[in-house]
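Visitor: Handing you a structure now.
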Amino acid sequence: MDQTLLVFITVVDKGNFTRAAEELHMTQPAVSQHIQALERTSGARLLERTNKSMTLTASGKIVYDHARQIQGLYTSMQGLIDDHMHRASGILTIGASYTYGEYILPHDLALLRQQYPLIQPTIQIGNTKDIAEGVLNHQLNIGIVEGELRHTKLKVVPFAEDVMYVMVSANHSLAKQQEIDLQELKEDLWILREPGSGTREATDKLFETLGFVPKERVEFGSTQIIKESVEAGLGIALLSQWTVRKELRLGTLCMLQVNNQRIARHFSWVMLHTEYKTKAVEVFLEMLTEKELSDI
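Going by the UniProt record's numbering, the first residue of the sequence shown is number 1, and it counts up by one from there.
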């Protein structure tokens, strides 16, 4: 990959020239020369610099976004070359939405490390919308998302089911009840993920199915914060079975059966429509397809 673009990406990611120079094993004047050369070539100022901060200009944002895409394509190209040498190796950039990324993907990476030690995984965690954009922009080799996703440029393949439950604190009035009063659910405070997340999509579908809109709701951007809030008695939430296994064992959360409804969604892998897959991507996809989530 072009060294000047790599220097520019590193400066932006690290936030200043000194840390970028340390990361690249270069002198700070050499880093400055690369940035100046890129600004001359592009004909625009790319960075606004002061003694205390550094920010991207509008032109700099354009260059940065495209440089990241070029970096992704270069990495993919190198991986394909390695494949011709019959090596499952190199960088594998994986994006995952929160439930899968925080609670299941670590087990995948441990298995991947055992079987293919030359593969170097890098991980990005975000909501479903963020992961789809990362794949589209060539910043991720593969994404794993929750719930529904449709895009003409993306191949989306379900590979595992995820069952979800309404969770309450062990001290909640509904925790010990056999039959759930829908009116009481409606009156309670619901703790939701932000729009764009697979968990929020599933929760909105549950409201539609039950035919009510909760009177009170709050939004948090982290499943862990939602679990802690439910445990503390702040409200109730719809959560994946994978996120609450520890709390159910400890007895701090209780699972509600609402009208005997089974609330399920799928985990899906997401890639660009392309005939090329690196060996690292191929073996990771095989692992996703073959493993049993129940064994985790």
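Backbone N, C-alpha and C fix where the C-beta goes; we use that ideal spot for every residue, glycine too.
In the structure shown, what three-state DSSP assignment does residue 188 receive?
Guide: Along the sequence shown, read from residue 1 onward, the residue named residue 188 stands at position 188. Note: residue 188 maps to coil in three-state DSSP.
Visitor: Taking Cβ positions, are residue 313 and residue 244 nearer each other than 8 Å?
Guide: Residue 313 lies beyond the range of the chain shown here (1 to 296); nothing can be said about it.
Visitor: How about residue 162 and residue 146: are their beta carbons less than 8 Å apart?
Guide: One-based indexing of the sequence shown puts residue 162 at position 162. One-based indexing of the sequence shown puts residue 146 at position 146. Result yes, Cβ atoms of residue 162 and residue 146 sit closer than 8 Å.
Visitor: To test your reading of the DSSP string, which unbroken beta strand (DSSP E) runs of 3 or more residues are found completely within the segment 148-234?
Guide: You should have 154-169, 189-192, 216-219.
Visitor: Assign residue 273 to one of two classes, buried (16 or more other C-beta atoms within 10 Å of its C-beta) or exposed (fewer than that).
Guide: Along the sequence shown, one-based indexing puts residue 273 at 273. Residue 273 should be labelled exposed.
Visitor: Can you list, in chain order, the residues of its chain whose CB lies under 7 Å from that of residue 224, leaving out five sequence neighbours each side?
Guide: Within the sequence shown, residue 224 is the residue found at index 224, counting from 1. Excluding residues within five positions, none has a Cβ falling inside 7 Å.
Visitor: Kindly confirm or deny that the segment 45-57 and the segment 11-26 touch, where touching means at least three C-beta pairs closer than 8 Å.
Guide: Contact between the segment 45-57 and the segment 11-26 is present, because at least three Cβ pairs lie under 8 Å.
Visitor: Suppose the cutoff is 6 Å on Cβ atoms and the five residues either side in sequence are ignored; what does the same chain contact list for residue 109 look like?
Guide: Here residue 109 corresponds to residue number 109 of the sequence shown, with the count starting at 1. These residues qualify, in order along the chain: 121.
Visitor: Looking only at its chain, what residues have a beta carbon closer than 7 Å to the beta carbon of residue 171, apart from the 5 residues adjacent to it on each side?
Guide: Position 171 of the sequence shown, counted from the start, is the residue given in the question as residue 171. Same-chain partners within the cutoff: 233.
Visitor: Specify the secondary structure class of residue 263 as computed by DSSP and reduced to three states.
Guide: As a working mapping, residue 263 is identified with position 263 in the sequence shown. Residue state, collapsed to three classes: strand.
Visitor: Take residue 155 and list the residues in its own chain whose beta-carbon comes closer than 6 Å to its own, dropping the five residues that flank it on each side.
Guide: If you number the sequence shown from 1, residue 155 lands on position 155. Within the same chain, residue 155 has close Cβ partners 271, 273.
Visitor: Count Cβ pairs between the segment 210-229 and the segment 98-117 that sit closer than 8 Å; are there 3 or more?
Guide: These segments touch.
Visitor: If I follow the unbroken alpha helix (DSSP H) through residue 101, where does it start and stop?
Guide: For the purposes of this step, residue 101 is taken as the residue at position 101 of the sequence shown. Element bounds for residue 101: 98-103.
Visitor: Is the CB-CB distance between residue 188 and residue 236 below 8 Å?
Guide: On the sequence shown, residue 188 is found 188 positions in, with the first residue counted as 1. On the sequence shown, residue 236 is found 236 positions in, with the first residue counted as 1. Going by C-beta atoms, residue 188 is nearer than 8 Å to residue 236.
Visitor: By Cβ distance, which residues of its chain are closer than 7 Å to residue 200, with the 5 residues on each side in sequence left out?
Guide: Reading the sequence shown from its first residue, position 200 is the one you call residue 200. Hits under 7 Å: 192, 193, 194.
Visitor: Helix, strand or coil, according to DSSP, for residue 124 in the structure here?
Guide: Looking up residue 124 in the sequence shown gives position 124. Reduced to three states, the DSSP call for residue 124 is strand.
Visitor: Cβ of residue 203 within 8 Å of Cβ of residue 238?
Guide: Along the sequence shown, read from residue 1 onward, the residue named residue 203 stands at position 203. Along the sequence shown, read from residue 1 onward, the residue named residue 238 stands at position 238. Cβ distance < 8 Å, so residue 203 and residue 238 count as in contact.
Visitor: Where residue 112 and residue 78 are concerned, what is the direct C-alpha to C-alpha distance, given to the nearest angstrom?
Guide: Stepping through the sequence shown from its first residue, residue 112 is reached at position 112. Stepping through the sequence shown from its first residue, residue 78 is reached at position 78. C-alpha separation (whole angstroms): 20 Å.
Visitor: Which of helix, strand or coil does DSSP assign to residue 270?
Guide: By 1-based counting over the sequence shown, the position of residue 270 is 270. Reduced to three states, the DSSP call for residue 270 is strand.
Visitor: Threshold first: 4 residues or longer. Then list the alpha helix (DSSP H) segments lying entirely within the UniProt domain "HTH lysR-type" (1-57), N to C.
Guide: 3-14, 17-24, 28-42, all fully within the UniProt domain "HTH lysR-type" (1-57).
Visitor: Is residue 280 near residue 88, with beta carbons less than 8 Å apart?
Guide: Counted from its first residue, the sequence shown places residue 280 at position 280. Counted from its first residue, the sequence shown places residue 88 at position 88. It is a contact, given that the beta carbons lie within the stated cut-off.
Visitor: Given a cut-off of 8 Å, decide if residue 137 and residue 197 are closer than it, judged by their beta-carbon atoms.
Guide: Translated into positions along the sequence shown, residue 197 becomes position 197. Translated into positions along the sequence shown, residue 137 becomes position 137. Not a contact, by the Cβ cut-off of 8 Å.
Visitor: Closest to residue 290 by CA distance: which of 38, 71, 158 is it?
Guide: Along the sequence shown, read from residue 1 onward, the residue named residue 290 stands at position 290. Closest option to residue 290, Cα to Cα, is 158.
Visitor: If you run the structure through DSSP and keep just helix, strand and coil, what is residue 256?
Guide: Sequence index remark: in the sequence shown, residue 256 carries index 256 (1-based). Residue state, collapsed to three classes: strand.
Visitor: Specify, as a first and last residue, the run of the alpha helix (DSSP H) that residue 238 falls within.
Guide: Position 238 of the sequence shown, counting from 1, holds the residue named residue 238. Element bounds for residue 238: not the alpha helix (DSSP H) but the beta strand (DSSP E), 237-240.
Visitor: Looking only at its chain, what residues have a beta carbon closer than 7 Å to the beta carbon of residue 283, apart from the 5 residues adjacent to it on each side?
Guide: Here residue 283 is taken as the residue at index 283 of the sequence shown, counted from 1. Excluding sequence neighbours, residue 283 sits near 88, 116.
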